[in-house]
Every structure is written in structure tokens, then in C-alpha cells.
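For our numbering, count along the sequence shown from 1 and bump the result up by 2.
Glycine residues also receive a C-beta, built at the ideal position from the N, C-alpha and C atoms.
All remarks here apply to the structure that follows.
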Amino acid sequence: MNNEAVPVAPGQWRLAEVQVANWGTFDGAIYRIPVSRKGQLITGPSGSGKSSLLDAIATVLTPDRWLRFNLAAQGAGTRSDQRSLMSYVRGAWARRTDEFEDRVVSEYLRPGPTWSGIVMRYENGVDLPVTLARLFFAKGNDTSRENLSSLYVLERAALDLRDLEPFARSGLESRKLQAAFPDALVNSGGKNTRFYQRLRSIFGIADESALQLLHKTQSAKNLDSLNQLFRESMLEKPETFKLAEEARTQFGELNEAHEHVVRLRQQRDLLAGLRDASIEYDLAESRAAAASTLGAHVLLYQRQRQLELAFAERTKIEEHLIVLRADSEYAAAQLRAAEESYDVSRQRTLELGGGDVEQLRLRVESAAAQVESTERRWQQMADRLAKLGIAPAPVNASEFAELVAEGFRSGAAASAESASGPSIKEHDQLAVARHNAQQLEREIDALARSKSSVPEKLQVVRKDLAEHLGVPVTALPFAAELLEVNAQYAAWTGAFERVLKQFALTLLVRSEHLIATRRWVDARSLQLLLVYEEVLPHVQPPKPVSSNSSLVHRVTVKPGAFEAWMHRTLSERFDYACVDQPDQFDDHARAVTINGQIKSSRTRYVKDDRVSIGNRGRWILGDHEAKHEALVELLASARAEVNRYEDIVDAATRQRDFALLREDTLNDLRTRPWAEFDVSSAKTDVDRLHKNLVELTGTNSDLAVAQERLDNSRQARDLANGRVSQLESDRQTAERRLGELAEMIAEIESRRADDGTGLHLTDELRTDLQTRFAAVRRSITLITLAETGQQVSERLYRERDQAKAIADKAGSEITSIATKFRERWRGASADLVANVEGRHGFIELYDGIVANGLPDHESRFFDLLRDRSRDMVGQLVDEIMHAPDEIEARIDPVNASLRRSAFDEARYLHIEVKTKRGEAATRFLQQLRSISENSWADDNAADAEHRFATLSALMQRLDSSDPQDRKWRDLCLDTRLHVTFLAHEIDDSGRRHSTYDSGAAMSGGQQQKLVVFCLAAALRYQLADPDDPLPRYGTIVLDEAFDKADSRYTRLALDVFQEFGFQMVLATPHKLLQTIEPYVGGATEVENPTRARSHVSSLMWENPRGAA
């Protein structure tokens, strides 16, 4: 052909020449490789440098962000991280082991300052040629990417690399280069946007993504499925990743709003307890104050009430005296009349001989009185003898004499021996038993009140110190209250008690309270042993223990502010090995047996059995309930001991009392005659005298009548006299009482005038006290008033003390909650004081949170959640849902391009997009919908929290760097993975004949043909307008092409690219050369026999301007 022949594909830009210098193993010269317009084959053995030439082309045509070297080999899983721009510029050619750094390093042909260059000339057979070039310079011997600089050159004329070398050999000189080639476009300093914009403008490449597809075409041998082709080579990274990133960024504001709401809720919940405690405190303080006020006025009320009762009683007595005086005058008149009647009757009786009768009557009365006296003495003797077990009592002189004689013989010695009573030892034993029982009762009561096993006296000291410091008692714990023996080692509790006893009773004081504590303790006589230790705010981590059986592993420390200090202290001081036998002591520096023997150093051993090791009542570690049960059991035993000693003392006392009574009784009877007890004889005397009186009066009837009248008048006189005496006694009593009342009234009024208390009894106080006095006794007199007042005072003091106890407990709760609040939220409580007096500030803060702060922030959070859910989540859902439709729309032009070329005889390919989301993507979409969809109108706070929790979990996982979460994120967001691609073979009428499911069930050659065919169609779609017969840019590069296909499929694939109007630059080993030869116009052989320098030789059998 002559030079005027029509070029192949006139008007289409095709590669005409490639020049490289100092690129990989192309070292020390400028290598020029002509490229036939029909196509060029680059062949040579493996490792000769074929791929290096193709990577040089990609380095100029492909923006760095997409650039991947030796893609064909990377797809096979080798050398994935070994090739880079720097390795090509430096000329990495071998790998060796660095004996000093124990790693594999690269060896470079150009380790010092060096330059590299790539020049590519394109021609379209019509216009001036276009030269694309990229120059590099590496300073020093550094191999980092930051030490490599480059510049881009685009010139509408043919340039030789030799012409560009002066501007790169000693460093890139872009300004001088621009001056030398003023019409050229020169980009340097990492700026290449204008270079690629001009390149695409000249070559008619509308979308920058076409450059990426051209680059990926280089490794078409690795595209073995339709899914891989379309997902990795045709479809851009979806917007879902950007939307997810925006969502994650916007979620920060929402999360902050939620954290603020949660924080306010936590503050509200904590302060609600403080408010309740404050209400309880105020009520208790009010009750205590009211009880104190009433108690202070009891005496004043009592005096007023005493005065009222005294006036009332005086009035009543004065009225009664008037009646008494009248009655006394009348009774005196009656007495005078009775005495006159008696005198007349007595005179008449005497005149009739009544003097003997009177004497005899007096003797009868005396004998009758003697009978009563004798009966009383006999009954007293009988009662005393009955107590001695002697019954019945003697009734005659012989029985009495026998009793006295027998008692003297048998009872004196026994009485003397048994009269000693209980011994001093028995009294002491009873006193000790009662003391032990009372002590146990106090311990049980203290344990029930404080829930602490620490002795009550130490707790009292702790309480007083806490009040002085203004902190709750929980801020000053004893070590025992922070320790508990693990349940599986409960049998060791007694042994651990012996090791930890002194430490367990140590009071823990934080540094900020130490100075005040030292001063308070020093100023008092505590009457007990107090040990306290400073707890520093920052402590070292626990020391490693010496044995797995260490006591440290067998106790649990209560979480809290003292936890770190306790762990450190236990590991430092109480690393005692728990050994089964004392023979094992030799294996440990410090150890303890379950029986409580302790080895505290290399030479010191201790066993303290003064208290039984199993006496749980003395334990201060372990379960409080168990200790309570143990104390109850000990109390039952102690009470039984008390009862036993009481029985012993009572029995000895009764025996002594019995002996003394027997001795006293017998001694008394021995000194008294029987006549004192002879009731029978006394009655006989009365009967005899009464008989004589009857005989005396029975013989004289006038005397009998006179005697009867005398008896009646005497009786009347005695009654009248008794009446007068009684009235006189009543008058004297009333007058004496009037005098007492007068003195009482005067004293009350005098004390009221000189009171000095300043107290005033208001109507309200008087009513309250009147009610309380009436509650004790409904009817109050002057006699019962003082006792009633005492009872009212005692009740008021009890009420005050109970209210004070409630107030103290509530105050401790207030201080504890306020302290916790300040520790957690110092900023919110900077101006507040964590004590009872400062509670109102916390309550105001609570009221503000409840009334305004929390509702406002909850409303803002709910609004943000609704808006973000609708915007960022809803948009992401829409993007994911519509992605298959958008992908299908992207594939439609490819299908149109496929219809322009037959895949097989009378067959065409048609690509179908099918939605096929995996389980992870489906679940992700469901969660997104649960957040963004459904009505928000019916949502309550719990629903909103549930939506937020779901959103938060998704955002955290999307932001995670965990490999599993990264994989999950790609599965959920990469919508290219949500579809699969089917290829249908159709005929001219569109009827399907075969379907290929992403290359499944096909041979390697069939797969390559299918994928290459679709790739060619995709390239044509990317590079050409629909109405253009050929794309304006036509060069494609294929590395190790068709290595899996036989000659038939290779020809079919090459026919495809040729039919679609592409110039192919093929790199392949010595294989399929005859098959490829008709499709190219020249070949370049690359050899590298030494592995250190490549050589090229080219053969052109088709005139580049000749017909194809």
C-alpha cells in the first residue's frame, strides 16, 4: 500500500506509539514501541515486562485514585501489594531477605535520585497527533509515595521523550517545560483535573467513569461472571454509601440530643428521690418541732389546769362546809337528847339493882373480845405452820406440846445449815448471764437498724463523725461493710475473720475529710479502739497474688468509690494462701488453714481460739441475715442460761426463807403458852358468863325491862355521838383542804407571775394539749393531773425522738443523693451544696428539669428523630428500593448496544436485572422501614425510644471498623450486590433460547466469551454516541487475554471487539499467536533474560495506514 491509503477507522483516535524511560526493568534508555493502527500484540515469557508496558499506558490514561497495577496477576491472587508508582520509578526487580531487620525487602535498579517518563502518541488519521506524557522524579533514596513527584503533559503534536528528558532528569521543571512548549497543557503538583478534562474532550469521552472501565478492561481475563462485570466494571459506587455517611454525621446531633434527654431523665429520677426525702424530712422536722413545742408548754398548761381544778374544788368545798355546819348543829342537839334519855334509863336501872347486871355484862363483852383475839392468834399460827407443811394445826395443849417438842428435836440443826441462801458465785453467774443476754439483744437491735455487722459502739462513733463532717454514714464505711466472703467459700468465713478482723473494723476516710477527722478524733475520748485509714483518690492497680488459692480470690468487694483502694489493699496486705493442711505452710510466705491457724511471716504463726471459730455471732464478715440468725440462736441460749441460774438462785432463796421461817416459827411457839391459842377455853368462859347474866335478869322482870331500855338508849347515844364526831371530822378535813387549796392557788399564781420562760399558751396550743391530756385520762383531777402530765410529756418526747430519727434518716438520704448528683454532674451542680441545708437548690433544679428542661429537650429530641427518620433514613430506604430500577435503566443502553452485534449465529444477548437481596440487606431494609415508616402521630415516648434504639444500633454498626461489620455494611449499602444479572440468548424476534446465570454451568472459554461480549458492548456504550458508527476513542488494552479460551472462542471474542470498532493492544504469552495474528498489525517481543533489564523488538506486518 502507498502512503495515501485510507487509514483504519478514520477519525478514531488510536494509539500509535508508546515510549518509556526508567520504568520498571526498562532501564537506562528510552524504549520506543510502535503500535499498529489495526492492533498490536505484546508477547514474551512470564516476568519479561509485558505487564509493565501496559501499566505504563494505564498510568497516563487512568486517574491515580483508580489506578491498580498488574491487574491480571492481582486477580489471580499474587503480587497484590508489590507494584506501585514508586516501585516502577525505582525499578524494583528482585526481593531479598534483610538479615538485620528480619524482613523481605525489594532491590532497586535506581536507588538514588532518578527520573521516569512515559509518552503515548495517538493519531486519528485526519487531525494532528495527540501526545500524552507523564514524567516522574524521585529524590534521594526514599521509597515513600510522598517523595515522588509527577507532572502531566498534553500536546497536539508529536513529542519525543528525549525532548522532555531535560525537564525531568534533575527534578521536574514544569515552568521551563511550559515555556519550551507553550501550546502544551502542563499540570503538576498533584493537579490533574484539567489534563483529564482536555483528554476526554479530544477523545470524545463524555463520562470520567469510562476511563475506569477502560482500565478495568486491562484485566478482562479476571472477569469471569456477569455479576462481576457489571458490579465492578460498569456500575459506580452507589449513593447509599454517601447517604449512610451523611446519616451517620447527622446522627451525631440526634445522639447528642438523646444523651441530653437521658441525662436529664437520670437527673430527674435521682432528684425525685431527693425531693421525696426532702418532703419526708420537712414533715418529720415539723412533727418534731410541734412535739417539742407542745412538750415545752405541758407544764404551763398543767399549772393552768391545776389552778382551774383548785378553784373548782375550793368552791365545791365551801358549799359543802355550809351544809356540814348546819348538820353539825342538828347532830349536837340530837346527841344532847340521847344523853339525857340514857341518863334517865341508867338511873332507873340502878334503882332496880342493875349494878350487878352492868358488871356482868361488861365481863361478857370482855370474854367475847378475848375469843376473837384467841381465834385470830390460832389462825395466824395455823397459816405459819401450813407454810412449813404442818397441818392441821394443834387444837389442844397436848398436840401443841408435841409440836413444839418435835420441832425442837428435828428442825433446829437443819434450819441453821440451810439458812445461808444462794452463794456469791451463783449471784455472779446470774449477773453475767443477764449481761450477755442484754448485750446480744442490743447487737440484734443494732444489726436490724443499721444492716451492719460492725459493733454498735463503733457505729455510734461513725454516726457522730459523719454528722460533724456533714456527710452520710455511707461516705465513711468500715472495710467489713465492703467485703463479703464468696458463697462457695462460706466454710472459710471463720478463718478469714481471724485474718481480716482488724482491717474489717477499720474506718475508711477519703482524703478530703482526713484533716477534719483527725481533729475531731483527737478532741474526744472515744472510750474504745478506733482505727481509720486515708483512702487516696488515685491508687495503683492490684498487685498480682502469689497463689490461685489466695484469700483475695475468695472475697468480693462491693462496687463503688472505695473499690479500687480495697482491691489494692487486699492484694498488698492479705495475700494469704488458703491451705488444707498446716504442712503446706512451707510452700507459702503467708497462709491460713480452715481451722484458723495463720502463718503471717516466714517465722511467725498465730492461732487465737479465745472465741470459737464457728461462733457466727462474733463474725463481722459474711451474710447479715446469717449473722442475725446466729445472734438469735445465741440469744435463745443466753436466755436459757439466765433461766437456769435464776432457778438456782430462786431455789436457794426459797430454801433459805423456808428454814428461817421454820426457825422463827418454832422459836416463837416455844416462848408462848397454849392459852394464847386455846379457843375452846375462851368460848367456854363466854358461855358461862352469858348463862350467869341470863339467870340474873330472868328472875326480875322490872329490871329486865329497865335493862333493855338502858341498852336502847345507850345505842341511840352512841349513834348520835358517832354522827357528831363524823361531822366534826368532815368539817375539819374540808377546812384543812381549803387551807391546802389556798396555799396551792397562791403558789401557782406566784410562779406564774415569776415564770421567766417567756412561754405563752395560745388557744391552739391549749386545745392540742387538752386533747392529748384527754387521750391519756378522760377524767382528770388534782390528784391525777401530775401523773397525766408526765405521761403526756413522755409521749411527746417519744414522738419528737421518732420524728427526729425519721428526719435524720431522710437528711442522710438527701445528703447521699446530693453527693451522688454532684459526683456525676459537677457542671449542673457547681453552685449547689450537697447537704440538708442545700436541698432547696437541688429541688429547684428538679422542678426546672420536670417543668421545662426535660419536656423541651424531649420535644426537640422527638422532632429531630422524626425529621431525621423522614429525611436521612427515608431517603436511604428510597435509594435502596429504587436501586434495581436505576441499574436496569443503566443496562438498557448496553442491551441496545448488544443488539448491534450477534453473540452467536443469529443470536443476540439480552441482559436481565433481577432483584436478589441477601438476608443482611433484607433485615437492614426492614429495620430502616421500622424507623422511617408508619404513623408518628400515635407514637409515645416508648415507641420513639424503640425507634431510636434501632437507629442507634444501625449507626454504630455502620461506623464500626470491625471486619465483620465492614462486610455487613457492604452487603447492606452496596445496591450492586442487591441484584443479579442474567444473560438471555434471543433471536431476531426476541424469543429466548438460552439463559446464562452469571456464567454458571459454563466452561472457562464460554464464560470469557460471554463476559467479553458484554464488556465490548459496555465499552461502546461508554465511548460512543448512540448514532455514531464508531467511538471516537478506540484503543483497549487486554493483559493475558483469552488464556482460558480455545482458538474458536478467542476468534469470536476478537471478532466482537473488532466489530465494535476497537483497536486491541494484547499482551499474552507465546500462546494463540496464530489465532490473534489476523486481528493485529504488529507484534512486540519483550525479553528479560537477566531479570534486571528488559529488551524489546517489534515487527510490523501491516502498514498502520493500510486497510484492515
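By DSSP, does residue i sit in helix, in strand, or in coil?
| i | result |
| --- | --- |
| Leu623 | coil |
| Ala904 | coil |
| Leu740 | helix |
| Val681 | helix |
| Met1102 | strand |
| Lys2 | As shown, the chain starts at 3 and ends at 1110. That puts residue 2 outside it, with no answer to give. |
| Asn1126 | Residue 1126 lies beyond the stretch modelled for the chain, which goes from 3 to 1110, so this question has no answer here. |
| Glu815 | helix |
| Asp329 | helix |
| Thr769 | helix |
| His912 | strand |
| Asp649 | helix |
| Leu1040 | strand |
| Ala312 | helix |
| Val456 | coil |
| Asp989 | coil |
Determine the direct distance from the alpha carbon of residue j to that of residue i, and round the result to whole angstroms.
| i | j | result |
| --- | --- | --- |
| Leu390 | Ser425 | 23 Å |
| Leu900 | Glu234 | 19 Å |
| Thr821 | Asn837 | 8 Å |
| Arg949 | Arg919 | 23 Å |
| Val1058 | Ser903 | 7 Å |
| Arg81 | Gly992 | Bear in mind that the predicted position of Arg81 carries a pLDDT of just 42, short of 50, making it too unreliable to give a figure here. |
| Glu766 | Arg797 | 19 Å |
| Leu1040 | Ala135 | 21 Å |
| Met746 | Gln304 | 13 Å |
| Gln230 | Ala1020 | 13 Å |
| Pro396 | Leu721 | 41 Å |
Please say whether residue j and residue i have beta carbons closer to each other than 7 Å?
| i | j | result |
| --- | --- | --- |
| Ile893 | Val915 | yes |
| Val559 | Leu623 | no |
| Met122 | Val62 | yes |
| Leu1032 | Gln14 | yes |
| Glu574 | Lys601 | no |
| Leu179 | Arg158 | no |
| Leu787 | Gln308 | yes |
| Leu763 | Leu302 | yes |
| Gly1036 | Gln42 | no |
| Lys40 | Val10 | yes |
DSSP puts residue i in a beta bridge; with which residues?
| i | result |
| --- | --- |
| Ser152 | Phe138 |
| Trp827 | Bridge partners of Trp827: none, in fact. |
| His1097 | Glu1089 |
| His535 | According to the sequence as given, residue 535 is Glu; it is not His. Paired residues: Leu510. |
| Asn189 | Tyr154 |
| Gly1063 | Answer is none; Gly1063 lacks a bridge partner. |
| Thr133 | Arg123 and Glu157 |
| Phe253 | Paired residue(s): none; Phe253 is not in a bridge. |
| Thr595 | Val581 |
| Tyr607 | Lys601 |
| Ala94 | Tyr110 |
Beta carbon of residue i: closer than 6 Å to some heavy atom of the ligand FMN?
| i | result |
| --- | --- |
| Leu276 | No copy of the ligand FMN appears in this structure; indeed no ligand is present at all. |
Is there contact between the stretch 868 to 883 and the stretch 846 to 860, where contact requires at least three CB pairs shorter than 8 Å? Contact fails: fewer than three Cβ-Cβ distances are below 8 Å.
Three or more C-beta pairs below 8 Å linking the stretch 805 to 824 and the stretch 281 to 292: Touching, yes.
At a cut of 8 Å, does the stretch 210 to 220 reach the stretch 951 to 967 through at least three beta carbon pairs? At 8 Å Cβ cutoff, the stretches do not touch.
Do the stretch 674 to 691 and the stretch 376 to 392 touch if we need at least three Cβ pairs shorter than 8 Å? Enough Cβ pairs lie closer than 8 Å, so yes.
Touch test, the stretch 263 to 279 against the stretch 967 to 976, Cβ-Cβ under 8 Å, three pairs minimum: Taking a cut-off of 8 Å for Cβ pairs, the stretch 263 to 279 and the stretch 967 to 976 do not touch, as fewer than three such pairs fall below it.
Meets three-Cβ-pair contact criterion under 8 Å: the stretch 513 to 527 and the stretch 483 to 498: The stretch 513 to 527, when compared against the stretch 483 to 498, does not touch it at the 8 Å Cβ threshold.
Could you check whether the stretch 528 to 537 touches the stretch 454 to 466, counting it as contact only if at least three pairs of C-beta atoms, one from each stretch, sit closer than 8 Å? Result yes; three or more Cβ-Cβ pairs closer than 8 Å.
Does the structure place the stretch 325 to 344 close enough to the stretch 654 to 664 that three or more beta carbon pairs sit under 8 Å? Counting Cβ pairs under 8 Å, fewer than three are found: no touch.
Taking 8 Å as the cut-off, does the stretch 430 to 439 touch the stretch 639 to 647 (at least 3 CB pairs, one atom from each stretch)? Yes, since at least three Cβ pairs between the stretch 639 to 647 and the stretch 430 to 439 fall closer than 8 Å, the two stretches touch.
Touch check for the stretch 979 to 992 and the stretch 248 to 255: three-plus C-beta pairs under 8 Å? The answer is no - the stretch 248 to 255 does not touch the stretch 979 to 992, with fewer than three Cβ pairs under 8 Å.
When the Cβ atoms of the stretch 591 to 608 are set against those of the stretch 560 to 574, are three or more pairs found closer than 8 Å? Touching, no.
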